[in-house]
Amino acid sequence: MLEKANGKERGTMTERYRVTIQSQMGPREGVLALSYQGSYITGSLDLVGYVNTVQGVQAADGTLHLFHPIQTVVSTIPCETVLSLYAGRLRGTSTSKSARMQWDGTLIRREPQEESSL
Numbered sequence: 004m005l006e007k008a009n010g011k012e013r014g015t016m017t018e019r020y021r022v023t024i025q026s027q028m029g030p031r032e033g034v035l036a037l038s039y040q041g042s043y044i045t046g047s048l049d050l051v052g053y054v055n056t057v058q059g060v061q062a063a064d065g066t067l068h069l070f071h072p073i074q075t076v077v078s079t080i081p082c083e084t085v086l087s088l089y090a091g092r093l094r095g096t097s098t099s100k101s102a103r104m105q106w107d108g109t110l111i112r113r114e115p116q117e118e119s120s121l
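Each position in the sequence shown, counted from 1, maps to that position plus 3 in our numbering.
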């Protein structure tokens with residue numbers, strides 16, 4: 004997550020998590036990559052051979068509210084996911100029309116990003 008210096012956010016941050024999602028078909032392993040720009044989040048979820056685009060926001064309490072599809076061989080499921088982060092751990096729930104799926108994850112990499120100049 005972003006650190007603050009003198010009340011101002013310092014650049015953007017990218018985090019990668021190894022995640023397990025408890026789906027109706029059993030646990031699925033993947034990697035969630037998140038890039039923070041202020042409270043806005045973009046990234047990807049690499050799961051069951053597909054890379055899904057992720058976007059969302061970080062609430063004032065640190066909770067992540069993400070919107071993304073989960074693509075499988077048979078369908079693409081639009082999801083809303085709410086995650087809590089604590090000490091390099093990630094936990095939360097995805098909700099779709101047809102299911103609720105629990106998430107558990109561990110931080111595998113955190114790195115600052117260079118500011119791009121346009």
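Where a beta carbon is used, it is the ideal one built from N, C-alpha and C, also for glycine. Just so you know, these numbers come straight off a predicted model, no measurement behind them.
In its own chain, which residues sit with a C-beta less than 7 Å from the C-beta of residue 98, not counting the 5 before and 5 after it?
Closer than 7 Å at the Cβ level, and outside the excluded window around residue 98, lie 82 and 83.
Are residue 109 and residue 87 closer than 9 Å when you measure CB to CB?
No; because the gap between Cβ atoms is not below 9 Å, this pair is not in contact.
In whole angstroms, give me the CA-to-CA distance for residue 96 and residue 104.
Using only the alpha carbons, I get a separation of about 5 Å.
Considering only their Cβ atoms, is the gap separating residue 42 from residue 58 smaller than 9 Å?
Their beta carbons are not under 9 Å apart, which means residue 58 does not touch residue 42 by this criterion.
Taking the alpha-carbon positions, what's the residue 102 to residue 24 distance?
Cα to Cα, residue 102 sits roughly 12 Å from residue 24.
Looking at the structure shown, is residue 78 part of a helix, part of a strand, or coil, going by DSSP?
Correct three-state label for residue 78: coil.
Straight-line gap, residue 64 to residue 89 (C-alpha atoms, nearest Å):
One C-alpha to the other measures close to 12 Å.
For residue 74 and residue 92, what's the separation of their Cα atoms in angstroms?
Residue 74 and residue 92: Cα-Cα distance of roughly 24 Å.
Taking just the CA atoms, how far does residue 72 sit from residue 79?
Roughly 6 Å separates the two Cα atoms.
Between the CA atoms of residue 20 and residue 33 - distance to the nearest angstrom:
Rounded to whole angstroms, the separation of the alpha carbons of residue 20 and residue 33 is 8 Å.
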